[in-house]
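First to last, the sequence lines map onto chains A and B.
1 is the number of the first residue of the first sequence in the numbering used here; add one for each residue after it.
1 is the number of the first residue of the second sequence in the numbering used here; add one for each residue after it.
For glycine and all other residues, C-beta sits at the position ideal for the given N, C-alpha and C.
Notes follow once the structure below has been shown.
Number of protein chains: 2
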Amino acid sequence: MSKYQEVVEDIIHKIEKNEYTDKLPTEDQLIEQYQVSRNTIRNAIRTLKKQGTLFSIQGSGVFVRHTRDDDSLWMNGSCGITENAPRHKITTDVKGFHIMMAGEELSKRMQCELTTPIYYIERVRKMDGVPMAIEYTYYNKDLVPSLDRRIASQSIYSYIKNDLKLSIGFADKYFHVKQLSAQEASILGLEEGSPALEVEDYVHLSNGQLFNVSRIVYNYKTTNFYASNVD
Amino acid sequence: MSKYQEVVEDIIHKIEKNEYTDKLPTEDQLIEQYQVSRNTIRNAIRTLKKQGTLFSIQGSGVFVRHTRDDDSLWMNGSCGITENAPRHKITTDVKGFHIMMAGEELSKRMQCELTTPIYYIERVRKMDGVPMAIEYTYYNKDLVPSLDRRIASQSIYSYIKNDLKLSIGFADKYFHVKQLSAQEASILGLEEGSPALEVEDYVHLSNGQLFNVSRIVYNYKTTNFYASNVD
């Protein structure tokens, strides 16, 4: 874990333990306390502001932002489901896995050349054993090589970050509400026509390249969502 | 309009006109071009990055982020519906408007003292004449004084910003999918049991004070959503 991540974890821990309940120590105090550079402290605080954990009041300091302590998935991060639900056991059934060449429509959607090799993966993600989402996912094989069924049965994002050492940048999520088809309903253990949130997710590397496009259908009974914003 | 906002508007305009399609001019070039301070340019770029319009590649510069050009509502901003749908005519029917004193439950939810005066407002927001959302909203009267039915029939946020000169800070949005009750369905012109996105919105001033709590039920047929994120 990098130094700034250690600081992030420790500040979250202190907030959970009610050691920090209102105003945080000053930047200078945090530097002294963690024995790290000013830059490290600033990175940690920036990350916690983006996550909705802290906020700044100009001229006054950095404060704890009291968001509700629940199990909602954070919708404006670019992490996967596994990182997004740290308190739960996420398991994955790989329903489909194959490689195809990008045709006209897919190359447009994936912002890649025609005939680029693309992984297509269908997965059912379960939270504590209960189906929470159906994922239909495309990965650009030129950017994310050597994916296989075994990796897909776990967290693909942790493979991308930890094994491929790629840096995930920004994501665009488009979402709408719809009614489940009979097939989706049966996978999620719900009735046909039940409501569902469907998310189209376009995820880019830090260099701006689009590597992953997904359509995700969530089980409305098991899944709530959260979006933070900063001013 | 402040200077940095003028720069924001102009950059958006240039992206729409395909004058900026990839990399933006450098900071120095933008300072020269707009005849404003470095701080103004940085504020403008920061805003556009948060909105998902631009992104940075370290060491390379600032680039146009090609998000889909559609009418989705931006879910991780803290603007109201009127600002969020600039290409549409938003009208508002005020269904209920009264002042109450915060009881035990409401004072907890609004993070205010018992007996704080609270406006409760029920509105139906229409987009181009079609009901798009039912809003059940509470405002802390100590923070947002002098609200009335006339103001509530327009954009309350523009009243807060332009007339009261309050600075809106951050918002927490919790959302889930549900089925419409018969009453909500009839207001939105849908069938009972239709799917709906319901958002609980907690909006704070820049000084951290919670001034507005809303529950908003959206028409799934007319409304799509977008969440941007930065790395």
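Of all Cβ atoms in chain B, is any one closer than 8 Å to the Cβ of residue i?
i, result
"residue 68/A", "yes"
"residue 57/A", "yes"
"residue 225/A", "yes"
"residue 80/A", "no"
Around the C-beta of residue i, are 16 or more other C-beta atoms found within 10 angstroms, so that it is buried, or is it exposed?
i, result
"residue 194/B", "buried"
"residue 204/B", "buried"
"residue 126/A", "buried"
"residue 40/B", "buried"
"residue 110/A", "buried"
"residue 144/B", "buried"
"residue 123/B", "buried"
"residue 189/A", "exposed"
"residue 2/A", "exposed"
State yes or no: is the C-beta of residue i within less than 8 Å of the C-beta of residue j?
i, j, result
"residue 99/A", "residue 90/A", "no"
"residue 48/A", "residue 8/A", "yes"
"residue 134/A", "residue 187/A", "yes"
"residue 59/B", "residue 229/A", "no"
"residue 174/A", "residue 226/B", "yes"
"residue 211/A", "residue 162/A", "no"
"residue 202/B", "residue 152/B", "no"
"residue 223/A", "residue 132/A", "yes"
"residue 138/B", "residue 119/B", "yes"
"residue 185/A", "residue 218/A", "no"
"residue 116/A", "residue 142/A", "yes"
"residue 177/A", "residue 177/B", "yes"
"residue 23/A", "residue 63/A", "yes"
"residue 38/A", "residue 31/A", "yes"
"residue 156/A", "residue 164/A", "no"
"residue 169/A", "residue 206/A", "yes"
"residue 92/A", "residue 154/A", "yes"
Going straight from the alpha carbon of residue i to that of residue j, what length do you get?
i, j, result
"residue 75/B", "residue 95/A", "31 Å"
"residue 112/A", "residue 51/A", "31 Å"
"residue 181/B", "residue 216/A", "26 Å"
"residue 167/A", "residue 121/A", "21 Å"
"residue 130/B", "residue 70/B", "18 Å"
"residue 11/A", "residue 20/A", "8 Å"
"residue 237/A", "residue 14/A", "This structure leaves residue 237/A out entirely; chain A is present only between 1 and 231."
"residue 6/A", "residue 159/B", "43 Å"
"residue 66/B", "residue 36/B", "26 Å"
"residue 4/A", "residue 72/B", "35 Å"
"residue 107/B", "residue 209/B", "13 Å"
"residue 86/B", "residue 33/B", "27 Å"
"residue 97/A", "residue 149/A", "7 Å"
"residue 103/A", "residue 84/B", "35 Å"
"residue 191/A", "residue 61/A", "50 Å"
"residue 79/A", "residue 88/A", "15 Å"
"residue 68/B", "residue 183/A", "29 Å"
"residue 179/B", "residue 179/A", "10 Å"
Would you say residue i reaches chain A, if we count a Cβ-Cβ gap shorter than 8 Å as a contact?
i, result
"residue 170/B", "yes"
"residue 23/B", "no"
"residue 138/B", "no"
"residue 232/B", "An answer regarding residue 232/B cannot be provided, because it is not within the stretch 1 to 231 covered by chain B."
"residue 75/B", "yes"
Under 8 Å between beta-carbons, which chain B residues line up against residue i? List them in chain order, please.
i, result
"residue 196/A", "177, 195"
"residue 123/A", "Simply none; closest approach about 20 Å."
Give me the chain A residues within the contact set of residue i, using Cβ-Cβ distance strictly less than 9 Å, ordered along the chain.
i, result
"residue 65/B", "170, 172, 204, 208"
"residue 72/B", "174, 175, 176"
Quick one: which chain B residues come within Cβ less than 9 Å of residue i?
i, result
"residue 220/A", "176, 177, 178, 179, 195"
Just the chain A side, please: which residues come within less than 7 Å of residue i by C-beta, in chain order?
i, result
"residue 52/B", "172"
List the residues of chain B whose Cβ lies closer than 7 Å to the Cβ of residue i, in chain order.
i, result
"residue 162/A", "Neighbours of residue 162/A on chain B: none; closest Cβ ~17 Å, over 7 Å."
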